[in-house]
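Single-structure report; data block below.
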Amino acid sequence: MKSALMLVDLQNDFCHGGALAVHDADAVINVANRAIELCKVHEMAIIATQDWHPDDHGSFAVNAGTEPWTTGELNGLSQVWWPVHCVQEQPGAAFHPQLEKQSLDFVVRKGQNSGIDSYSAFFDNGHRAATPLHHWLKGNQINRLIVMGLATDYCVKFTVLDALDMGYQVALLEEGCRGVNLSPNDSQQAIEQMQQAGARLITLSELA
Ligand SMILES: [Zn+2]
């Protein structure tokens, strides 16, 4: 059984000064770099996801003619309307400059289809199309994932829930996660939901 570290959306737009900045997000970059170092000692694969939208993406409030941070429906699915963020090839979509990018073995990009949002690293929000992630993990005999990143209550949560649903063992590195918290308890509820689905909470010290 092999393991991988999965770093979710450690991109400029989710960090300080970004278009969709998550509170205290920059604090997780050091956690990520320490986790990379520890996981490499154990010869684990290092994977990162990138939100990677075309500029006409349907989740952008401006494209829906609505206000950011409100909710509505996009092609039959419930949708939070976001500020324009993580546009392909733009600086906001790049990894945080302090992230040890040279250690990444595989990068999964998601959210390229304008008509549907994609929080999970495995599928779009309607489970209509899959990313290459599952295929890559199977090809590398990986069935255990250590997950951390941004944001706890969206892309981390849906990545973890899909992974558990597909039979992966999942450990959540909680100190490496920060949430959007449209409602104040969203991140806490997301963590409880992931635990109830079978995720184990771990700390950096357990990776040493
Ligand atoms: Zn997005």
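Residue numbering for the sequence shown follows our numbering, beginning at 1016 and increasing consecutively. Glycine included, every Cβ here is placed at the ideal spot set by N, Cα and C. These figures come from a predicted structure and were not determined experimentally.
#1: Under the assumption that leucine 1165 contacts aspartate 1024 (Cβ atoms under 8 Å), give the Cβ distance between them as a whole number of angstroms.
#2: Would the C-beta of aspartate 1066 count as close to ligand 1, meaning under 7 Å from any of its heavy atoms?
#3: Measure from the alpha carbon of glutamine 1211 to the alpha carbon of each residue in Leu1179, Gln1094, Glu1190, then state which is nearest.
#4: Using the rule of at least 16 other Cβ atoms within 10 Å of the residue's Cβ for burial, across every protein chain shown, is tryptophan 1097 buried or exposed?
#5: Considering Cα atoms alone, identify which of Thr1167, Val1195, Gln1184, Glu1221 is closest to glutamate 1207.
#6: Quick check: does the Cβ of histidine 1100 come within less than 7 Å of any heavy atom belonging to ligand 1?
#7: Hey, would you say valine 1195 sits closer than 8 Å to leucine 1187, going by beta carbons?
#8: What separation, rounded to the nearest whole angstrom, lies between the Cα atoms of histidine 1031 and histidine 1111?
#9: Could you check where the alpha helix (DSSP H) with isoleucine 1051 kicks off and where it finishes?
#10: Could you check if tryptophan 1084 belongs to the surroundings of ligand 1, using beta carbon to heavy atom distance under 7 Å?
#11: Histidine 1100 and leucine 1035 look like a contact to me (Cβ under 8 Å); what is the Cβ gap, rounded to whole Å?
#12: Could you name each continuous alpha helix (DSSP H) segment of 4 residues or more that falls completely within the segment 1088-1141, going from the start of the chain to the end?
#13: Would you please state the rounded distance, in angstroms, between the beta carbons of alanine 1205 and lysine 1172? I believe it to be under 8 Å.
#14: Report the CB separation of alanine 1019 from isoleucine 1062 in whole angstroms; it is logged as a contact under 8 Å.
#15: Taking 8 Å as the threshold (C-beta atoms), are valine 1046 and leucine 1219 in contact?
#16: Ligand 1 and serine 1093: does the residue's C-beta get closer than 7 Å to at least one heavy atom of that ligand?
#17: Going by alpha carbons, who is nearest to valine 1102 out of His1038, Gln1184, Asp1028?
#18: Would aspartate 1139 and glutamine 1094 qualify as a contact pair, given that the criterion is a beta-carbon distance under 8 Å?
A quick look at the data gives this:
#1: As a working note, residue 1165 is residue 150 in the sequence shown. As a working note, residue 1024 is residue 9 in the sequence shown. At roughly 5 Å, the Cβ-Cβ gap stays under 8 Å, so leucine 1165 and aspartate 1024 are in contact.
#2: Walking along the sequence shown from the start, residue 1066 turns up at place 51. Checking every heavy atom of ligand 1 against the Cβ of aspartate 1066, one is found closer than 7 Å.
#3: If you number the sequence shown from 1, residue 1211 lands on position 196. It is Leu1179.
#4: By one-based count along the sequence shown, residue 1097 stands at place 82. Buried, since its Cβ has 16 or more Cβ neighbours within 10 Å.
#5: Stepping through the sequence shown from its first residue, residue 1207 is reached at position 192. Of the listed residues, the one whose Cα sits closest to glutamate 1207 is Thr1167.
#6: Position 85 of the sequence shown, counted from the first residue, corresponds to residue 1100. Yes, ligand 1 has a heavy atom inside 7 Å of this Cβ.
#7: Numbered from 1 along the sequence shown, position 180 holds the residue referred to as residue 1195. Numbered from 1 along the sequence shown, position 172 holds the residue referred to as residue 1187. No, the Cβ-Cβ distance between valine 1195 and leucine 1187 is not below 8 Å.
#8: Your numbering for residue 1031 matches position 16 in the sequence shown. Your numbering for residue 1111 matches position 96 in the sequence shown. Histidine 1031 and histidine 1111: Cα-Cα distance of roughly 10 Å.
#9: In the sequence shown, counting from the first residue as 1, residue 1051 sits at position 36. Counting along the chain, the alpha helix (DSSP H) containing isoleucine 1051 begins and ends at 1042-1056.
#10: Taking the sequence shown and counting its residues from 1, the one referred to as residue 1084 is at position 69. Checking every heavy atom of ligand 1 against the Cβ of tryptophan 1084, none is found closer than 7 Å.
#11: If you number the sequence shown from 1, residue 1100 lands on position 85. If you number the sequence shown from 1, residue 1035 lands on position 20. Histidine 1100 to leucine 1035, Cβ: 4 Å. Contact.
#12: none
#13: To locate residue 1205, count along the sequence shown from 1; it is residue 190. To locate residue 1172, count along the sequence shown from 1; it is residue 157. That pair is a contact at about 4 Å.
#14: As a working mapping, residue 1019 is identified with position 4 in the sequence shown. As a working mapping, residue 1062 is identified with position 47 in the sequence shown. Sure, about 5 Å apart at Cβ, within 8 Å.
#15: By one-based count along the sequence shown, residue 1219 stands at place 204. By one-based count along the sequence shown, residue 1046 stands at place 31. Contact flag set, yes.
#16: Numbered from its first residue, the sequence shown carries residue 1093 at position 78. No, since every heavy atom of ligand 1 falls outside the 7 Å radius drawn around the Cβ of serine 1093.
#17: Along the sequence shown, one-based indexing puts residue 1102 at 87. Considering only alpha carbons, the answer is Asp1028.
#18: Taking the sequence shown and counting its residues from 1, one reaches residue 1139 at position 124. Taking the sequence shown and counting its residues from 1, one reaches residue 1094 at position 79. Their beta carbons are not under 8 Å apart, which means aspartate 1139 does not touch glutamine 1094 by this criterion.
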